[in-house]
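Undergrad: Taking our numbering, the leading residue of the sequence shown gets 25, the next gets one more, and so forth.
No residue lacks a Cβ here, since even glycine has one placed at the ideal position from N, Cα and C.
A quick note: this is a predicted structure, and the numbers were derived from the prediction, not measured.
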Amino acid sequence: MKLRSQILALGGVGIVMAALVGGVGLINTLRISSAFDSSITSNLALSKSQEVDMMHDAIRGDVLLSIFSSQKFDDKGMDAAEKDLQAHVQVLRKNMDDIQALPIPEETKAMAAKSAPLIQAYVESAQKVVSLARKDLASADGAMPAFRESFKALESALEAQSDEIAQVATRYSEETHARADRAMWLVITGLLVATSALMAFSLWLARHLAQPLASAVQVADKIAQGELNATINPQGSDETVQLLNAMARMQTSFSDLVHSVQSNAQNVAMASTEIAQGNNDLSARTEQQAAALEETSASMSELGSTVNQNADSARQANQLATTASSVAVQGGEVVGRVVETMKDINASSQKIADIISVIDGIAFQTNILALNAAVEAARAGEQGRGFAVVASEVRALAGRSAEAAKEIKTLITASVEKVEHGTTLVDQAGSTMTEVVNSIKRVTDIMGEISAASNEQSLGVSQVGEAIGQMDQTTQQNAALVEEMAAAASSLKQQAQELVQTVAVFKLADGHQAPSKMQVRAPHSSSKPFAGQERRGGGIPQGAAARGHTAPKAAAPKPAAKPGAPAQIAAAKSAPAPKAASTADDDWETF
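1) Once the 5 residues before and after residue 345 are set aside, which same chain residues still bring their CB inside 7 Å of it?
2) Between the segment 81-96 and the segment 161-181, do at least 3 Cβ pairs fall closer than 8 Å?
3) Under 8 Å, with one C-beta from each stretch per pair, do the segment 418-428 and the segment 318-327 reach the 3-pair mark?
4) Is the Cβ-Cβ distance between residue 478 and residue 335 less than 8 Å?
5) With a cut-off of 8 Å, does the C-beta of residue 467 fall near any C-beta of chain C?
6) Which residue's Cα is closest to the Cα of residue 88: 119, 144, 154?
7) For a test of the three-state rule: what should DSSP assign to residue 251, helix, strand or coil?
8) Three-state secondary structure (DSSP) at residue 494?
9) Secondary structure at residue 160, three-state DSSP: helix, strand or coil?
10) Under 8 Å, do residue 450 and residue 362 count as touching if we go by C-beta distance?
11) Which value, in whole angstroms, describes the spacing of the CA atoms of residue 283 and residue 289?
12) Hey, how far is the Cα of residue 296 from the Cα of residue 276?
13) With three or more beta-carbon pairs closer than 8 Å as the criterion, would you say the segment 452-464 touches the segment 342-358?
14) Does the segment 392-406 come close enough to the segment 376-384 to have 3 or more Cβ pairs within less than 8 Å?
15) In or out: residue 47 buried (at least 16 other Cβ within 10 Å) or exposed?
16) Terminal residues of the continuous alpha helix (DSSP H) containing residue 104?
17) Suppose the cutoff is 7 Å on Cβ atoms and the five residues either side in sequence are ignored; what does the same chain contact list for residue 562 look like?
18) Just to confirm before moving on: does the CB-CB distance between residue 123 and residue 72 stay below 8 Å?
19) For residue 299, is the classification buried or exposed, using 16 other Cβ atoms within 10 angstroms of its Cβ as the cut-off for buried?
20) For residue 114 and residue 43, I'd like the C-alpha separation in whole angstroms.
21) Here's the rule: buried if 16 or more other CB atoms are within 10 angstroms of the residue's CB, otherwise exposed. What is residue 220?
22) Going by beta-carbon coordinates alone, are residue 387 and residue 425 separated by less than 8 Å?
23) Assess contact between the segment 310-318 and the segment 427-446, defined as three or more Cβ pairs (one per stretch) separated by less than 8 Å. Is contact present?
24) Residue 221 by DSSP, collapsed to three states: which one?
25) Any idea what DSSP makes of residue 406, helix, strand or coil?
26) Give me the Cα-Cα distance between residue 227 and residue 265, rounded to the nearest whole angstrom.
27) By the three-class DSSP mapping on this structure, what secondary structure does residue 244 have?
28) With DSSP as the reference, label residue 398 as helix, strand or coil.
29) Does DSSP put residue 42 in a helix, in a strand, or in coil?
30) Let me confirm a value: residue 169 is counted as buried when at least 16 other C-beta atoms fall within 10 Å, else exposed. Which label applies?
31) Work out the CA separation of residue 374 and residue 447 for me, nearest whole Å.
32) On a Cα-Cα basis, can you pick out the residue from 416, 188, 348 that is closest to residue 390?
33) How about the segment 156-168 and the segment 90-100: do they share at least three Cβ pairs that are nearer than 8 Å?
34) Select from 40, 104, 513 the residue whose C-alpha is nearest the C-alpha of residue 294.
Structure follows, in structure tokens:
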């Protein structure tokens, strides 16, 4: 039986039970309504009958009022009595007509019909008494016994009528309560029966549905926990059984898929591990090559600096030699002029010596003349005494002049000798300066040749340095790319291992389970650490990862390839893992 049919059957049973309970309730409600209507009608008839009885008493009061007013000769009282009598009679008859019109039992209506003649007789008797009371009080008193008889007869009939109507009302009220109680018990019984039936059917349906659904939940929980070895043996043909069959097929398909994913994940993990190891090896070797090129570049930079420094020194020496040559030439010229000057000084000294000789001769002659003058003054005696004094003074002055001339002559003679010696030295200095100028000219020529050779050597070293710098830059870029490849391979390896660990939680039907960690043989690295002397400066970073300041900005590292790429899975399936590892090892050995 289909699940839909079972649910519809449960709904149908509920609807039938509700219809039965509702039908019983409706029938009893109609019966109760009918009994209640009859009870209300009986009570209304009883009320009308009681009002008729009241009007019966009111008519008697009207009759007594008319007699009393007649005794008092009260016309207004008589008028009021007649007016009230008419009103009371009208109300009495109307109530009797209403009683006849009500749906009361026929025996009650028959009893009311029996009261109609008595009412008519009673009304006529009352009208007669009232009419006589206005005309003749004695006649009115004579008609009172007949009025009293009709009053008593009508009173007895009305009491019997009221009792009958009251009994009918009581009977209808009791019947209404009885029907209400019976309807209540019927409804309660129907509800209990319907509820019991629905509960029984619901429990059966719930048990019928809960067991397959619980099995489906258990299977789903096992699948969620990675257990793909659950045994599913559904029985039946409803939708829950179809659900279990579908879950069994899903478990089988999922198990096959997980088995395939586990195998492919292992292959991808092994291949990615080999790629990562190879990239690390290549990265290390590229690091060594980059370090060697950096050292070569640093050495060439130092050599270029030394050559440039030598070229600058040669250039400065050439400039200094040129300057020295110019200075030496100027010095030679100055020395030549000094030689000429010394010759002029020597000639002037000779002339001064001659002049001093003349002065010395003049002083000697003056001394002789002064001596002669003194002799002559002595001969003159007193007269020549003054002249003698003058002559002695002149002689003394001539003596001092002679001594001074002698000293000057001595000094001039020494000066002339020194000038002659200086002239000789200046001549020698002139010859030496000429040789120095010639030597400096030769040195200047040689320094010019050295400077030109140093410039050419500096240019060549610069070109070699630029070539090595370009090689270093290219190697650094290659190293950066290799590091990016190594990072991508490491990321691929990590993702492959995560994939393997992810699918390792599944337990397959045949007991297979992927290992939680990959056991992959790492390829042997043939690279050796760089053992050369580090020549880079302290400010130069080491390693290809830190050479971003010399190499141009490389592209951002590309994200690692997804472990489940079809091409990689196919490549992993195409060759066994150990063979691929050995092949990769051979490749890296021949790098």
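TA: Reading from the atomic positions:
1) Within the sequence shown, the letter at position 321 stands for residue 345. Excluding positions up to five away in sequence, the list reads 464, 467, 468, 471.
2) yes
3) no
4) Along the sequence shown, read from residue 1 onward, the residue named residue 478 stands at position 454. Along the sequence shown, read from residue 1 onward, the residue named residue 335 stands at position 311. Against a cut-off of 8 Å, the Cβ pair of residue 335 and residue 478 comes out as a contact.
5) The structure shown contains no chain C; it is built from a single protein chain.
6) Stepping through the sequence shown from its first residue, residue 88 is reached at position 64. When only C-alpha atoms are compared, the closest one is 154.
7) Here residue 251 refers to the residue found at position 227 when the sequence shown is read from its first residue. Strand.
8) Residue mapping note: residue 494 aligns to position 470 of the sequence shown, counting from 1. Collapsing the DSSP output to three states places residue 494 in a helix.
9) Indexing the sequence shown from 1 puts residue 160 at position 136. Residue state, collapsed to three classes: coil.
10) Here residue 450 corresponds to residue number 426 of the sequence shown, with the count starting at 1. Here residue 362 corresponds to residue number 338 of the sequence shown, with the count starting at 1. Yes, Cβ-Cβ distance for residue 450 and residue 362 is below 8 Å.
11) What you label residue 283 is simply residue 259 of the sequence shown in a count that begins at 1. What you label residue 289 is simply residue 265 of the sequence shown in a count that begins at 1. About 10 Å.
12) What you label residue 296 is simply residue 272 of the sequence shown in a count that begins at 1. What you label residue 276 is simply residue 252 of the sequence shown in a count that begins at 1. In a straight line, the C-alpha of residue 296 is about 30 Å away from that of residue 276.
13) yes
14) Output reads no: the segment 376-384 does not touch the segment 392-406.
15) Along the sequence shown, read from residue 1 onward, the residue named residue 47 stands at position 23. Answer is exposed; the Cβ neighbour count stays below 16.
16) Counting from one through the sequence shown, the residue named residue 104 turns up at place 80. Element bounds for residue 104: 99-125.
17) Residue 562 sits at position 538 when you count from the first residue of the sequence shown. Residue confidence is low: residue 562 scores 45 on pLDDT, short of 50, so the model does not pin down where it sits. No coordinate-derived value is stated.
18) Mapped onto the sequence shown, residue 123 falls at position 99. Mapped onto the sequence shown, residue 72 falls at position 48. Yes, Cβ-Cβ distance for residue 123 and residue 72 is below 8 Å.
19) Taking the sequence shown and counting its residues from 1, one reaches residue 299 at position 275. It is buried - the Cβ of residue 299 has at least 16 other Cβ atoms within 10 Å.
20) Here residue 114 corresponds to residue number 90 of the sequence shown, with the count starting at 1. Here residue 43 corresponds to residue number 19 of the sequence shown, with the count starting at 1. Approximately 53 Å, taken between the alpha carbons.
21) Locating residue 220 in the sequence shown gives position 196, counting from the first residue. Exposed is the call here.
22) Against the sequence shown, residue 387 aligns to sequence position 363. Against the sequence shown, residue 425 aligns to sequence position 401. Their beta carbons are under 8 Å apart, which means residue 387 touches residue 425 by this criterion.
23) no
24) Against the sequence shown, residue 221 aligns to sequence position 197. Residue state, collapsed to three classes: helix.
25) Working through the sequence shown from its first residue, we reach residue 406 at position 382. Three-state DSSP puts residue 406 in coil, outside helix and strand.
26) Start at 1 with the first residue of the sequence shown, and residue 227 comes out as number 203. Start at 1 with the first residue of the sequence shown, and residue 265 comes out as number 241. Going from the Cα of residue 227 to the Cα of residue 265 covers about 19 Å.
27) Looking up residue 244 in the sequence shown gives position 220. Note: residue 244 maps to helix in three-state DSSP.
28) In the sequence shown, residue 398 corresponds to position 374, counting from 1. Helix.
29) Position 18 of the sequence shown, counting from 1, holds the residue named residue 42. Residue state, collapsed to three classes: helix.
30) Locating residue 169 in the sequence shown gives position 145, where the first residue counts as 1. With fewer than 16 other Cβ atoms within 10 Å, it is exposed.
31) Counted from its first residue, the sequence shown places residue 447 at position 423. Counted from its first residue, the sequence shown places residue 374 at position 350. Taking the straight line from one Cα to the other gives about 14 Å.
32) On the sequence shown, position 366 is the one that residue 390 refers to. Checked all of 416, 188, 348; the closest Cα to residue 390 is 416.
33) yes
34) Taking the sequence shown and counting its residues from 1, the one referred to as residue 294 is at position 270. If we check each option's Cα against that of residue 294, 513 comes out closest.
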